[in-house]
Amino acid sequence: MTTVITRPDESRSARLVTDGLDPKTWIIADTVLIGWHTGRLAGIGWGLLGCLFAAVIPLAFIKYGIRRGRWADRHVGQRRQRIVVMVFIICSVATGIVSMWAFGAPQAMIALIAAMLATLAALLAVTPAWKISVHTAVSSGSVAMLAMTYGSWVLPAYLLVAVVGWSRVALRDHTLGQVLAGAAVGGAVAAGTFGLVR
2 MTTVITRPDE
12 SRSARLVTDG
22 LDPKTWIIAD
32 TVLIGWHTGR
42 LAGIGWGLLG
52 CLFAAVIPLA
62 FIKYGIRRGR
72 WADRHVGQRR
82 QRIVVMVFII
92 CSVATGIVSM
102 WAFGAPQAMI
112 ALIAAMLATL
122 AALLAVTPAW
132 KISVHTAVSS
142 GSVAMLAMTY
152 GSWVLPAYLL
162 VAVVGWSRVA
172 LRDHTLGQVL
182 AGAAVGGAVA
192 AGTFGLVR
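Taking our numbering as reference, the numbering of the sequence shown is continuous, increasing by one, and the terminal residue is 199.
Rendered as structure tokens:
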């Protein structure tokens with residue numbers, strides 16, 4: 002069981018949402034669900050390979066940085082530290098795309114990971130000047146790609162994106178503007194890339 006550590010002045014509910022619906026959770030959901038739609042069990046296998054480079058390796062890098070004292074927590078709130086982490090994740094995801102292409106992954110699965118790469122690149126372009134929300138960018142992009150895959154009935158899941166945004170503002174990790182910008186950029190870039198590449 003995971004212990005949720007909160008500051009005395011912060012909302013426990015907001016912390017649970019932020020930690021439970023973090024980018025890793027959305028990446029796993031996308032790779033499994035879009036993988037299933039693309040090729041059933043084989044598609045899930047391709048999705049898990051993509052997840053290795055988009056979530057598992059980045060999370061291991063972040064945890065290593067925490068142990069070394071380079072950043073305080075897994076959300077890496079300080080902008081300068083966040084840039085280092087984002088560059089590493091971009092390299093990891095790019096490696097994943099090349100690997101999937103080399104091993105003959107379905108185009109839809111390559112498109113999914115490419116959309117993650119494009120979203121990261123867009124966020125990295127903004128981050129040196131402004132702390133745009135990665136949480137809402139990833140969650141918004143995830144819902145957009147799931148809706149493109151499964152149909153418009155998925156769109157009510159944007160309520161979860163709103164809840165994620167609320168949690169980031171409630172924890173004072175982001176302003177409302179940063180949360181809204183993240184959702185807009187993440188949704189547009191992920192959907193545009195996914196639609197173009199697949």
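A virtual CB, placed ideally from N, CA and C, is assigned to each residue, including glycine.
Just so it is clear, the structure is predicted and the values come from calculations on it, not from any experiment.
| Check | Outcome |
| --- | --- |
| Less than 8 Å between the beta carbons of residue 55 and residue 146, yes or no? | no |
| What number of angstroms, rounded off, separates the C-alpha of residue 185 from the C-alpha of residue 29? | 21 Å |
| Please return the same chain residues whose Cβ sits closer than 6 Å to the Cβ of residue 194, not counting the five positions on each side in sequence. | 115, 116, 119 |
| Can you give me the Cβ contacts of residue 35 inside the same chain, cut-off strictly under 6 Å, excluding the 5 residues immediately before and after it? | 113, 150 |
| Quick one: what does DSSP say residue 108 is sitting in, helix, strand or coil? | helix |
| Counting pairs of beta carbons, one from the region 128 to 142 and one from the region 88 to 102, are three or more of them closer than 8 Å? | no |
| Go to residue 140, then tell me how far its alpha helix (DSSP H) extends in each direction, as first and last residue. | 135 to 151 |
| Using the rule of at least 16 other Cβ atoms within 10 Å of the residue's Cβ for burial, across every protein chain shown, is residue 14 buried or exposed? | exposed |
| Going by beta-carbon coordinates alone, are residue 170 and residue 141 separated by less than 8 Å? | no |
| If you draw a straight line from the C-alpha of residue 94 to the C-alpha of residue 51, how long is it? | 8 Å |
| Along the alpha helix (DSSP H) that carries residue 79, what are the first and last residues, could you check? | Residue 79 -> no alpha helix (DSSP H), and no H or E assigned at all. |
| Does the Cβ of residue 79 have 16 or more other Cβ atoms within 10 Å, making it buried, or fewer, making it exposed? | exposed |
| Please classify residue 71: does DSSP put it in a helix, a strand, or coil? | coil |
| Output the boundary residues of the alpha helix (DSSP H) element that contains residue 173. | Counting along the chain, residue 173 falls outside any alpha helix (DSSP H), and DSSP gives it neither H nor E. |
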